[in-house]
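Engineer:
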Amino acid sequence: MFVYAGYLYLSSEGSPDKVKQAQGVITSSIVGFILLFVAFFVVRLVASFFGFQGGILPK
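To get our numbering, take the position in the sequence shown, counting from 1, and add 3.
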C-alpha cells in the first residue's frame, strides 16, 4: 500500500485532490499496520494465558 500511495503522490502533479487521496492511503496503511501488530500481540497474550506454547504446527 505504501508503494501505491507513493505512486499516487508522485503522479498527482500537484493536484490537491490526488495529494489528499495519497495522504489518506498512507494514513490508512499506517493504521492497518498498527492494527496488525496489536492483533498479533493480543493473540499471543491470549494464547500464553491459556498455556499454549510454540507454534501451531505439530511436532
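Virtual Cβ for every residue (Gly too), placed ideally from N, Cα, C. Note that the structure is a prediction, hence the values are computed from the model and not measured.
Measure the alpha-carbon distance for Asp20 versus Val6 and round it to whole angstroms.
Structural biologist: Their Cα atoms are separated by approximately 18 Å.
Engineer: For Gly35, which three-state DSSP category applies?
Structural biologist: If DSSP states are grouped into helix, strand and coil, Gly35 belongs with the helices.
Engineer: Hey, quick one: how far does the alpha helix (DSSP H) through Phe5 stretch, first residue to last?
Structural biologist: Looking at the DSSP string, the run of the alpha helix (DSSP H) that includes Phe5 is 5 to 13.
Engineer: So, for Gln24: in the same chain, excluding its five sequence neighbours on each side, which residues have a beta-carbon less than 7 Å away from its beta-carbon?
Structural biologist: Leu11, listed in sequence order.
Engineer: Starting from the C-beta of Val41, find all residues in its chain whose C-beta is less than 6 Å away, skip the five residues before and the five after it, and write them out in chain order.
Structural biologist: Excluding residues within five positions, none has a Cβ falling inside 6 Å.
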